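Asks: Protein chains in written order, with the UniProt record's numbering: chain B, 1 to 839; chain V, 1 to 54.
Glycine included, C-beta positions come from ideal geometry on N, C-alpha and C.
The structure displayed is predicted, hence computed values, not measured ones.
One structure is given below, represented as structure tokens, and several questions about it will come after.
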Amino acid sequence: MQKNKLLVIGWDAADWKIIWPLIANGQMPTLKKMIQNGVHGNMSTMNPPYSPMLWSSVVTGKTPDKHGVLGFIEVMEDNKGVRPVTTNSRKARTVWNILHHKGFKSNLVGWWPSFPAEPINGVVITDKFQKVSIDPKKRKPLEKGTIHPESLVTDFKDLIMFPQEVTSEHILPFIPLAAKIDQEKNNGLFPAGKVLAENVSIHNAATRLLRTTNWDFMAIYYDLIDHFCHSYMKFHPPKLKGVNQDQYEIFKDAVAGAYRFQDMMLERTLELVDDDTTVIIMSDHGFESGNKRLINMPKVQAAAAMDHRQFGMFVATGPNIKKNQKVYGLGLIDIAPTILNHFNLPVGRDMDGKVALEIFKNPNKIEYVDSWENIKGDFGELKDKESLDVFSDEETMQQLIELGYIDKPEGKIEIAVHKTKCDLKQNLARVHLGKKNYSKAKEILLELIEEKEPIDVSSYFMDLVTISLEEKDYESARDYLKKLKSVKTDVKYALFFAEASILHGIGKSEKAIEVLEKAKSERRGNNPEIWYKIGLCNYSLGKFDDAQMAYERAVEIEPDKAKYHAALAENLIELKEYEEAAESALTSIELVKYYSKAHYVLGRALDKLGDLENAKIAYETASRLTPKKFYKAEQAIENIEEKLNLTDKNTNSYKKDQIVIVSGLPRSGTSMMMQMLYKGGIKVLTDEKRKADRSNPKGYFEYEPVMSIHKDNSWLSKAENKSVKVVAPLLKHLDSKFRYKIIFMNRDLNEVVKSQQIMTGRNPDELPVKLLNAFKKQLKKVEAWKDSEPGVELIYLNYKDVLQNPIDAADKIESFIGVKMEKNGMVQSVDKTLYRNKS
Amino acid sequence: MKNSNSNIEEKLQIELSEIPLKSNLGLLAYGDIAFEAWREIKKKSIKANPNAKE
């Protein structure tokens, strides 16, 4: 008997939201025992959540752009047709290839995709094994490549269960009222019988291998839960509005039945492995079971996958696995590195996942190779890509169509081929989008939008809108949205999200809220994403109480969304509820361990609570997790290090390449301050286009590009080690990658307004209340913004105080900027006679 | 990893000849041995009564 064996069992679409109530009712006793004896947690999926892509990421540790499996179907090598995805699409090595190379023995059963079987050391029962025609007359012998080694075909073919063999005794536990169904009119029983037979075939093959073979690694894949969910989740309690009551009564137990039967099969599986075996059970994604369930599928590519939820499940037991512990932040791409580490094998540096060290009692040391792909030798791979017959897999195609994963290829085969090619390209673009590789995603989509009918290009435009919003390119977003509205399509998009995001992005958050409120009332307020976006808009408007209410509602409706908790944490900081903020940030991290924003917000909360050491760790984690430079986190770390080193001092040291900004509301003394800095020896970034006038006889010291900083802030590098004037409303457009020292000029608001009235030729004695209130809001916003920008240090100087005591002001400025200044010149530049518009 | 509270184990106490013709989920969950035994029983039943429906 082999030691250190590892068994991975895939339960497609299994979801804790269904599992926990069943465990509580004693209906999944075997899984419950595993949870008690091992670790369990969420399994984070990837986008797009299409199962063959995901299960390929599980066994390669790589994202689909690297492993090449990009959808449910693929185009044949000779472009003659399309077929369900096969091993031929995969271009990266799997764990079983690596284990083969290292002399280990692996068994695979039903892995998606695994046909045609690879000649590995062990047994491969491919995902084609269980797919048989519903019509006994059409049944054919098992195709070459279905089982490796071929010598096992005779033995295993008799383990296939045919749908006709399913009896009422098999069906009634899932659908107790099956007898009420008029099968002439309602084919609702058909999926249960077919899917059950297929999964029993897989289980038969798995139990045969477990009983009769020696192995080191074994992987079994079941699609029972996923397929039952696609057919019957809309009938699962609580009853959805729009579902027929009679249908609900008949099918309401089907999904729970699938989970219970899966647990029964698990019990038998575990009886066939010894206590030295490590067992992992996992799903690739969850499945919507609440209000977000879809009754009617929209006409988009792989529409059925819209029911897939972000989190699947993970459970592991074994001699080296911790007991009764919850683990956090696992992702699908972590499984392959973890399997390799279990077998003491090095992890490829080109793998996207990490070893899930926290599941082990005594983790093995992690070793690395650059890439397993470059290593020469026998990896048990197929020598030549097999030429497979397009019509040979009619059964699988038919099932994918019935499940809603693919459209029925209609008309000419070349159209089906072309459409599949477009779908796969779009999937690749979406993978790049998920990895925030926007330029690659855009490149593909810009090609796709040139397609002509019968290709529906609307979804490509929708993806381009999403990318433009991610890139904060609101003009392009608006442009693509306009084009999307003009193309011919049957798909109904929820465009209000994009419209609101554009409005929010261009600073019209109040309008964005109006759009969202309208959409909310149309949807009876049950969409958490709408609440989240309302929260974002209120947050940027400085309405933190309203934002709080909206975020809390989003979390209430969907508590598993990490970004909702992170946003809530960020808002709680503004409300000065630092402990609660830290808690919300930690909840976010529990859900998605590698979520840099959540770590950063946790750092801010801990920083505010005075826990500098842990705040520093949180900032460092945030910085490490971001592929690009996370300037804010790095600046926050510098600030903390400074605080830790300078606890007894209250000085602002010079920051390398700092930019000195003079800001304030217009007419609050900013030009005077620029003059002081200039005379004090600080270089000024100005184009002198605005000439001195009666209002500012010593000049404005302005720089024209500042006015369009919201479109282009690339000129900021020119301001390093200089000073530049930026009025208060534009501060938020400063690029976070620089360090700023901001001297913010305060002046009695009545004086500011009066001075502006004069400057614009209006009556100074008329007080525009609206303007005054807008200024007050603006000042509040600056205060909140400053607090959230670690690269920003800001002091307030009062205009009147500077005029009355310029020496004191010069001292403060020199200390704040952190460089030696010509203070005499600064003091002499202050001209008290310019203080004219007193309140 | 044995589970003594299982319906399946109860079923296993039954002689193969006692496997019901219509089978049940417990038998299916038991995997290959029970499945093949059930097939045998179906075959025997058809042999004994060729006109009967499965």
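Out of Ile333/B, Tyr232/B, Phe738/B, Gln675/B, point me to the one whose CA is closest to Gly791/B's CA.
Replies: Gly791/B has its Cα closest to that of Phe738/B, out of Ile333/B, Tyr232/B, Phe738/B, Gln675/B.
Asks: From the DSSP output, in three-state form, read off Glu143/B for me.
Replies: Correct three-state label for Glu143/B: coil.
Asks: Any C-beta of chain V sitting closer than 9 Å to the C-beta of Leu7/B?
Replies: Closer than 9 Å: no.
Asks: Kindly list, in the order they appear in chain B, the residues whose Cβ is closer than 7 Å to that of Ser23/V.
Replies: Those are Thr167, Glu169, His170, listed as they occur along chain B.
Asks: Between which residues of its own chain and Asp456/B is the CB-CB distance below 6 Å, once the five residues before and five after are set aside?
Replies: Result list for Asp456/B: Thr489, in chain order.
Asks: In angstroms with no decimal places, state the Cα-to-Cα distance between Gly434/B and Pro48/B.
Replies: Going by the C-alpha atoms only, they are around 8 Å apart.
Asks: Using only CA atoms, which one of Phe174/B, Leu270/B, Leu196/B, Ala304/B lies nearest to Asp253/B?
Replies: Taking only the C-alpha atoms, the option nearest Asp253/B is Phe174/B.
Asks: At what residues does the beta strand (DSSP E) containing Ala316/B begin and finish?
Replies: Ala316/B -> beta strand (DSSP E) spans 311 to 317.
Asks: Answer yes or no: does any C-beta atom of chain V fall closer than 9 Å to that of Met265/B?
Replies: Chain V contact via Cβ: present.
Asks: For the alpha helix (DSSP H) that contains Asn824/B, what are its first and last residues?
Replies: First-last of the alpha helix (DSSP H) with Asn824/B: 823 to 829.
Asks: Hey, out of Gln828/B, Asn79/B, Gly68/B, Ile530/B, whose CA is closest to His418/B's CA?
Replies: It is Asn79/B whose Cα lies nearest to the Cα of His418/B.
Asks: What do you reckon, are the CB atoms on Asn97/B and Ile73/B nearer than 9 Å?
Replies: Going by C-beta atoms, Asn97/B is not nearer than 9 Å to Ile73/B.
Asks: Just checking my contact of His148/B with Asp378/B at CB under 8 Å: how many whole Å lie between their CB atoms?
Replies: Not really, about 15 Å apart at Cβ, beyond 8 Å.
Asks: Leaving out five residues on either side along the sequence, give the residues of the same chain with a beta carbon under 7 Å from the beta carbon of Asp352/B.
Replies: Answer for Asp352/B: Gly61, Lys62, Thr63, Ile333, listed in chain order.
Asks: Out of Glu118/B, Gln245/B, Lys722/B, which one is the CA nearest neighbour of Lys655/B?
Replies: The residue with the shortest Cα to Cα distance from Lys655/B is Lys722/B.
Asks: What residue ranges within the region 160 to 230 of chain B form continuous alpha helix (DSSP H) runs of no fewer than 4 residues, ordered along the chain?
Replies: Counting whole runs of 4 or more residues, the region 160 to 230 of chain B contains the alpha helix (DSSP H) stretches 168 to 171, 190 to 212.
Asks: Looking at the secondary structure, which residues open and close the beta strand (DSSP E) in which Leu108/B lies?
Replies: Looking at the DSSP string, the run of the beta strand (DSSP E) that includes Leu108/B is 106 to 109.
Asks: Compute the Euclidean distance between the alpha carbons of residue 70/V and Pro113/B, then round it to the nearest angstrom.
Replies: One cannot answer for residue 70/V here, as it falls past the ends of chain V, which runs 1 to 54.
Asks: Closest Cβ-Cβ distance between Ile530/B and chain V: below 9 Å?
Replies: Closer than 9 Å: no.
Asks: Could you name the residues of the region 146 to 160 of chain B whose beta carbon sits closer than 8 Å to any beta carbon of chain V, in the order they occur along the chain?
Replies: From the region 146 to 160 of chain B, only Asp158, Leu159 have a Cβ closer than 8 Å to chain V.
Asks: Between the beta-carbon of Tyr678/B and the beta-carbon of Arg690/B, is there less than 9 Å?
Replies: Result no, Cβ atoms of Tyr678/B and Arg690/B do not sit closer than 9 Å.
Asks: Taking the alpha-carbon positions, what's the Asn650/B to Ile640/B distance?
Replies: Because Asn650/B sits at a pLDDT of 49, beneath the cut-off of 50, its placement in the model cannot be relied upon, and the point is left open.
Asks: What does Thr207/B reach in chain V if we use C-beta pairs closer than 7 Å?
Replies: Here the neighbours are Gly31, Asp32.
Asks: Could you have a look at Thr87/B and say whether DSSP puts it in helix, strand or coil?
Replies: Helix at Thr87/B.
Asks: Looking at the strands, I want to know which residues DSSP matches up with Glu74/B.
Replies: Looking at the DSSP assignment, Glu74/B forms a beta bridge with Arg83/B.
Asks: Answer yes or no: the CB of Ile506/B versus the heavy atoms of the ligand GDP, is any distance below 8 Å?
Replies: As presented, the structure is devoid of all ligands, the ligand GDP included, so that no description of it is given.
Asks: For Trp112/B, which of helix, strand or coil comes out of DSSP?
Replies: Coil, per DSSP.
Asks: What residue does the beta strand (DSSP E) around Leu330/B start on, and which one ends it?
Replies: Start and end: 325 to 331.
Asks: Do Leu340/B and Ala356/B have their beta-carbon atoms positioned less than 9 Å apart in this structure?
Replies: No, they are not a contact pair.
Asks: Could you name the residues of the same chain whose beta carbon sits closer than 6 Å to that of Lys683/B, not counting the 5 residues immediately before and after it, in chain order?
Replies: Result list for Lys683/B: Lys722, in chain order.
Asks: Beta carbon of Asp216/B, beta carbon of Lys105/B: below 9 Å?
Replies: Result yes, Cβ atoms of Asp216/B and Lys105/B sit closer than 9 Å.
Asks: With DSSP collapsed to three states, give me the class of Ser468/B.
Replies: In this structure, Ser468/B counts as helix in the three-state DSSP scheme.
Asks: For a contact meaning CB atoms closer than 8 Å, what does Arg268/B contact in chain V?
Replies: What Arg268/B touches in chain V: Ile8, Ala29, Tyr30, Gly31.
Asks: For Arg478/B, decide whether its Cβ has a neighbour in chain V, counting only Cβ atoms nearer than 9 Å.
Replies: For Arg478/B, the answer is no, since every Cβ of chain V falls outside 9 Å of its Cβ.
Asks: On the premise that His710/B lies in contact with Val315/B, defined as a C-beta separation below 8 Å, what is that separation, rounded to the nearest angstrom?
Replies: With a Cβ gap of about 50 Å, Val315/B and His710/B do not count as contacting.
Asks: What residue ranges within the region 442 to 499 of chain B form continuous alpha helix (DSSP H) runs of no fewer than 4 residues, ordered along the chain?
Replies: Runs found: 458 to 470, 474 to 486.
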